[in-house]
Ligand code: HEM
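In structure tokens:
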């Protein structure tokens, strides 16, 4: 994956526990440099190794690492440099997620070696949204939970993200976005 | 709705969200329809006259008129929305009769920020590359950032490296070059100028630095070194290299300094260094001894430094604050010295080579042997007998005098203990070099006396006069006197001591230097000087020995002056132990 993804993980670790921890992580997985080029394509193994080692370091499950990373990416790393694109992609959660494929497709024009995911949104009634995420990469479902959660924060909308597991066709993961009651939003410190 | 069933206008609208349809049937062009995106972006276009709203800015600036629009068909045109100054870029097509259609996109350059244009990705048709331009521009920025970050880390790396080099090559106290840097500097000058070129090198050694440390403490010593280092740096050109070899030793490698200018530059540095140094403990007076050497770059730096050091050392022997230029003769002497030092140490280690010879001290009146002065002699395995003035200097330079004095004293005491059985009351005079005297001296003399079974009363320790200048040493002498041995001032008259000065010391005798004694028979001045000394000594209850007595006339004069003891070639030269034993109990002693 492109370096911006790995750098997102780095930023998360730096924010959570500092440079020393990050250096240790890089050393343990054998990275020669402790920084990433946003515009360089790295082997996916680097990303997976990182997630594994960060999970060891922070004592979090890999799923939690991915969730935290997804949220961090939307709220911080991704905004850096791509802020304009974020703003162009939509003014609300639904439009944004609906437009994600178009966004990734456009981004892919600049990053020819990327393999972009695909998102489809549909109404599930009662304001609930069904999100289907498709990708040829396994195991990134939790990251989408974090990404969607981060997006909700970004738009200051309150959604609860439910991960329903793999899609029937086995090509991706199934999520459900529930509009949260106001009380939940107060609890979450959003409203 | 399947695309095939869409109306042509709907299809156009989907493909070109920024289209404008002009109706020209009425004379002035009127906007009949517009794409969703452009209609929202520029607000309220439909059914308005195009003349007020748009201007053509490319290919030629002109007002929008039916004529102008027709003239632009088939060309790339830029339309400017007059109220907002936003621009569209596209082409004009004929659309049935009396209608023209503009299809295009917002004009966006890489510098533009699409977000400032208040457009969404969804405003653009999928094939519209306008959004891609923005994304590519953002991506390009990302790449630039990557490069900058890399450069930053490269710059950081270079900085770290430089810092590392710096610490590895500077002396942490003075921030001057350290040994490593000096050696590297030498090698690089040699590379650039060739082995045959010559280089001027100045060796600087702070005089009496140890005393500064002892008196004021090391932190003040460090302060002094820092200030001196700064002055040295001020005294040379930037391209000259000033380094600290360690302790109070510094070296300057001059860059292409003409040998005939070197002394001038060195003197300038000397002048800078000798200004009083203000430390936190007050002002400290400083002087430095310097050695200059003009050396070939083909030499190793250590050799070059050694030459300059040798010159410095030579100069310092004559006094502080000297500047001495190295001469190859000094190099030979140095080699000689080094070989002798090596052999001297070996002789002391093996206990072979050094023996005491004995110079009789006689009663002037009777010529009876009253005692002996033990003198060190060195029988070198290959050189034979080495002159005392040479080996004592070497021993002093190598810090071996105390061992030398010790081995002579020990052997002499062994003789003394045997001889006392033959002539009770015989005294042994032993020399101790001022340089070897310390708090450890008294205990070691006591131990040697014990070991030999000699009574302290029968031993006199001779110490040279020049050593007495320092009042601090009273304690050391007192400790020696407390053992019960006699203390005698050697070479009296050559130093600075006055009689009153002597009263401060626990001495009980003095030896008048040969340079005065030999002249008393025919030199009035010498005679009155010696006479005065003798009478003063008597009033202070000091024993007096006159040394250097070579003639009967001198002996008679001394006798007449009331001098009791004498020593000199008239009686005997210094002799080995067996010959000395033969002199015991003899009176009327004269050389053969
Ligand atoms: C400006 C916004 C965004 C940009 C520029 C962007 C760009 C990218 C890039 C470059 C990759 C790496 C693909 C590769 O290297 O092969 C990627 C992956 C991914 N993106 Fe985005 N993205 C953006 C927003 C989002 C958002 C808001 C989501 C939220 C759901 C999202 C979901 C994903 C996922 C899940 C992947 C993992 C790849 C995979 O599943 O195979 N992205 N994105």
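Chains as they are written, first to last, in our numbering: chain A, 1 to 191; chain B, 1001 to 1592.
Note that beta-carbon positions come from the ideal geometry of N, C-alpha and C, so glycine has one too.
In this text, all values refer to a predicted model and were calculated from it rather than measured experimentally.
Three or more beta-carbon pairs drawn from the stretch 1117-1125 of chain B and the stretch 1013-1025 of chain B are found closer than 8 Å, and the two stretches are therefore classed as touching.
With a minimum length of 4 residues, the unbroken runs of alpha helix (DSSP H) contained wholly in the stretch 58-100 of chain A fall at 62-72 and 79-89. Take residue 1575 of chain B, set aside five residues on each side of it, and the residues of its chain with a beta-carbon closer than 7 Å to its own are 1357 and 1358, in chain order. Counting along the chain, residue 1511 of chain B sits inside the beta strand (DSSP E) bounded by residues 1509-1512.
Judged by the Cβ position, residue 41 of chain A qualifies as a neighbour of the ligand HEM at the 7 Å threshold, a heavy atom of the ligand being closer than this. Rounded to the nearest whole angstrom, the C-alpha separation of residue 1478 of chain B and residue 1505 of chain B is 8 Å. When distances are taken from the beta-carbon of residue 117 of chain A to the heavy atoms of the ligand HEM, the shortest one is below 7 Å. In the three-state DSSP reduction, residue 1085 of chain B falls in the coil class, being neither helix nor strand. Looking at the backbone, the Cα of residue 1410 of chain B and that of residue 1431 of chain B are separated by about 12 Å. Proximity of residue 1102 of chain B to chain A, defined by a Cβ-Cβ separation below 8 Å, is not satisfied. Placement of the Cβ of residue 159 of chain A at a distance of 7 Å or more from every heavy atom of the ligand HEM is found. Using a 10 angstroms sphere on the CB of residue 1203 of chain B, the tally of other CB atoms reaches 16 or more, which defines it as buried.
Rounded to whole angstroms, the Cβ separation of residue 1529 of chain B and residue 1550 of chain B is 18 Å, and the two are not in contact under 8 Å.
Contact of residue 1289 of chain B with chain A is not assigned, every C-beta pair being separated by 8 Å or more.
Residue contact check for residue 107 of chain A against chain B: a CB pair falls below 8 Å. In the structure shown, residue 1183 of chain B adopts helical secondary structure according to DSSP, grouped into three states. Within its own chain, the residues whose Cβ lies closer than 8 Å to the Cβ of residue 61 of chain A, once the five positions on either side in sequence are excluded, are 55, listed in chain order. Comparing alpha carbon positions, the residue from B:1076, B:1481, B:1008 and B:1119 closest to residue 1096 of chain B is B:1008.
Under DSSP, residue 22 of chain A shares a beta bridge with no residue. Residue 41 of chain A does not reach chain B, its nearest Cβ partner there being about 12 Å away, counting only Cβ pairs nearer than 8 Å.
Around residue 30 of chain A, the same chain offers no residue with a beta carbon nearer than 7 Å, after the five sequence neighbours per side are excluded. The residue among B:1300, B:1309 and B:1229 with its C-alpha nearest the C-alpha of residue 1273 of chain B is B:1229. For residue 1108 of chain B, none of the residues of chain A pass the 7 Å Cβ criterion, the least Cβ distance being about 11 Å.
Within the stretch 1195-1281 of chain B, complete beta strand (DSSP E) segments of at least 3 residues are found at 1198-1206, 1241-1246, 1249-1253 and 1277-1279, given in chain order. Rounded to whole angstroms, the Cβ separation of residue 1100 of chain B and residue 1024 of chain B is 6 Å, and the two are in contact under 8 Å.
For residue 1564 of chain B, the three-state secondary structure derived from DSSP is coil.
Taking one beta carbon from each stretch, the stretch 131-151 of chain A and the stretch 66-84 of chain A have 3 or more pairs nearer than 8 Å; the two touch.
Residue state for residue 1037 of chain B is assigned as helix, using DSSP reduced to three classes. Under the Cβ criterion (8 Å, minimum of three pairs), the stretch 1032-1048 of chain B does not count as touching the stretch 1127-1137 of chain B. Taking 8 Å as the cut-off, the beta carbon of residue 1224 of chain B is found no closer than this to the beta carbon of residue 1305 of chain B. By the CB criterion at 8 Å, residue 70 of chain A and residue 146 of chain A fall inside the cutoff.
Interface annotation for the stretch 1144-1161 of chain B against chain A: 1145, 1146, 1149, 1150 and 1153, criterion Cβ-Cβ distance under 8 Å. Residue pairing from DSSP places residue 1378 of chain B in a beta bridge opposite B:1354 and B:1386. Of all C-beta pairs linking the stretch 1320-1329 of chain B to the stretch 1214-1223 of chain B, fewer than three are shorter than 8 Å, placing the two stretches out of contact.
Minimum Cα-Cα distance from residue 1445 of chain B among the listed residues B:1402, B:1065 and B:1134 corresponds to B:1402. Taking a cut-off of 8 Å on C-beta distances, the stretch 1383-1403 of chain B touches the stretch 1337-1344 of chain B, as three or more cross pairs fall below it.
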